[in-house]
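All remarks here apply to the structure that follows.
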Amino acid sequence: MTNLENHSPFKANYINRNGHQYHYVNEGQGSPVVMVHGNPSWSYYYRNLVSQLSENHQCIVPDHIGCGLSDKPDDEGYDYTLANRIDDLDALLEHLNVNENITLVVHDWGGMIGMGYAARYPERIKRLVILNTAAFHLPKTKKLPPALWLGRNTFIGTVLVRGFNAFSGIASCIGVKRKPMPKAVREAYVAPFNSWKNRISTLRFIQDIPLKEGDRNYQLVSDISDSLENFNKLPMLICWGLKDFVFDKHFLDVWQQRFPEAKVHAFDDCGHYILEDAADEVVPLINEFIKSTEVQLTK
Numbered sequence: 001m002t003n004l005e006n007h008s009p010f011k012a013n014y015i016n017r018n019g020h021q022y023h024y025v026n027e028g029q030g031s032p033v034v035m036v037h038g039n040p041s042w043s044y045y046y047r048n049l050v051s052q053l054s055e056n057h058q059c060i061v062p063d064h065i066g067c068g069l070s071d072k073p074d075d076e077g078y079d080y081t082l083a084n085r086i087d088d089l090d091a092l093l094e095h096l097n098v099n100e101n102i103t104l105v106v107h108d109w110g111g112m113i114g115m116g117y118a119a120r121y122p123e124r125i126k127r128l129v130i131l132n133t134a135a136f137h138l139p140k141t142k143k144l145p146p147a148l149w150l151g152r153n154t155f156i157g158t159v160l161v162r163g164f165n166a167f168s169g170i171a172s173c174i175g176v177k178r179k180p181m182p183k184a185v186r187e188a189y190v191a192p193f194n195s196w197k198n199r200i201s202t203l204r205f206i207q208d209i210p211l212k213e214g215d216r217n218y219q220l221v222s223d224i225s226d227s228l229e230n231f232n233k234l235p236m237l238i239c240w241g242l243k244d245f246v247f248d249k250h251f252l253d254v255w256q257q258r259f260p261e262a263k264v265h266a267f268d269d270c271g272h273y274i275l276e277d278a279a280d281e282v283v284p285l286i287n288e289f290i291k292s293t294e295v296q297l298t299k
């Protein structure tokens, strides 16, 4: 067991993905719950939810390439872009023969990746849990936060993110609002991103944000956004930390406009890492949401 594996409470599983070790959590049995993390995070984010849901469900949580326990190749070894992230998730679920009755839980970049997968196979998705994320372009009412602009567009941003772990380190501090993360939890969040080499995905995620036509993935994001109408009849739960400095109320408003029937729980004292800030409330909410909608899936 590696030192990094010590931070995860679950057995480490791997598939070979184009020559890279692609790590995933696979706990429990039953209908599948696929949890997709964002940046700068990894499967560790979902540990409390997996512990709860794996009693009755197969919980699958990948680490994106460059994150968590997955390999962290350089740019020659892997093209760090949204399309490949979706392909990776697709390959993993194909490997596990998971192709129906999927409950999809998404956070941060996981929204774009997870809903990118859902856009390919809308018939496979039966429920959606949305946690401070997007599956559409930056809302017209929202400006790109300066910290993201710096990382996306400047060499100084590159040095801060890859040289000083500014993004992951700062996120572990400002991503929670109710109380600071315990030291061990904060260390677990930043542990995978412990060198210039191992912070490549953190920076590439920021640089991959499409803002205008012609940007790589702009059309893909448009297509994912357009596909959301395929899911407006599905049960959806939205849990949201309103003090998120990126995915704030501007993004929540779009979700609510697109899905007026969704069950929404907004926490005005919580930040980006809603499963850290409000785990005692959100984990039971998700568990109850899945139980209460189970009947719909068996009709």
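My numbering applies: residue 1 is where the sequence shown begins, and numbers increase by one. Each residue gets a CB set at the ideal place from its N, CA and C atoms; glycine is no exception. Note that the structure is a prediction, hence the values are computed from the model and not measured.
Would you list the one or two residues that DSSP bridges to residue i?
i, result
"Glu27", "Cys59"
"Gly241", "Phe267"
"Asn301", "Nothing can be reported for residue 301, as the shown portion of the chain is limited to 1 through 299."
"Asp71", "Partner(s): none; Asp71 has no beta bridge."
"Leu104", "Val34, Leu128"
Under DSSP, the alpha helix (DSSP H) around residue i begins and ends at which residues?
i, result
"Trp149", "146 to 153"
"Ala266", "Premise fails: Ala266 lies in the beta strand (DSSP E), 263 to 267, not in any alpha helix (DSSP H)."
"Asp90", "82 to 95"
"Asp253", "249 to 258"
"Ile302", "Outside the shown range of the chain (1 to 299) lies residue 302, about which nothing can therefore be said."
"Val190", "183 to 190"
Below 8 angstroms between beta carbons: does that hold for residue i and residue j?
i, j, result
"Asn6", "Pro122", "no"
"Tyr45", "Leu275", "yes"
"Ala107", "Asn132", "The residue you asked about is not Ala; residue 107 is His in the sequence shown. Yes. Within cutoff."
"Val98", "Ile125", "no"
"Ile86", "Tyr22", "no"
"Ile290", "Thr103", "yes"
"Asp253", "His272", "no"
"Ala134", "Gly111", "yes"
Give the straight-line distance between the Cα atoms of residue i and residue j, rounded to the nearest whole angstrom.
i, j, result
"Leu228", "Phe164", "37 angstroms"
"Gly19", "Ser70", "12 angstroms"
"Val283", "Arg47", "10 angstroms"
"Lys179", "Asp277", "7 angstroms"
"Ala118", "Leu96", "16 angstroms"
"Val34", "Leu150", "32 angstroms"
"Ala191", "Val185", "10 angstroms"
"Val264", "Glu288", "14 angstroms"
"Lys299", "Glu100", "Caution applies to Lys299, whose pLDDT of 49 falls short of 50 and renders its modelled position unreliable; the model cannot decide the point."
"Arg258", "His250", "13 angstroms"
"Gly157", "Trp196", "13 angstroms"
"Arg216", "Thr81", "9 angstroms"
"Gly38", "Ala262", "22 angstroms"
Taking the beta carbon of residue i as the centre, do at least 16 other beta carbons fall within 10 Å, making it buried, or is it exposed?
i, result
"Met1", "Residue confidence is low: Met1 scores 49 on pLDDT, short of 50, so the model does not pin down where it sits. No coordinate-derived value is stated."
"Pro62", "buried"
"Asp79", "exposed"
"Pro9", "exposed"
"Lys177", "buried"
"Ser292", "exposed"
"Lys334", "As shown, the chain starts at 1 and ends at 299. That puts residue 334 outside it, with no answer to give."
Span of the beta strand (DSSP E) holding residue i?
i, result
"Asp226", "Not the beta strand (DSSP E): Asp226 falls in the alpha helix (DSSP H), residues 218 to 227."
"Leu131", "125 to 133"
"Ile65", "Element bounds for Ile65: n/a, residue is neither H nor E."
"Asp277", "First-last for Asp277: 274 to 277, but that is the alpha helix (DSSP H), not the beta strand (DSSP E)."
Answer yes or no: does any C-beta atom of chain D fall closer than 8 angstroms to that of residue i?
i, result
"Gln52", "No chain D appears in this structure, which consists of one protein chain only."
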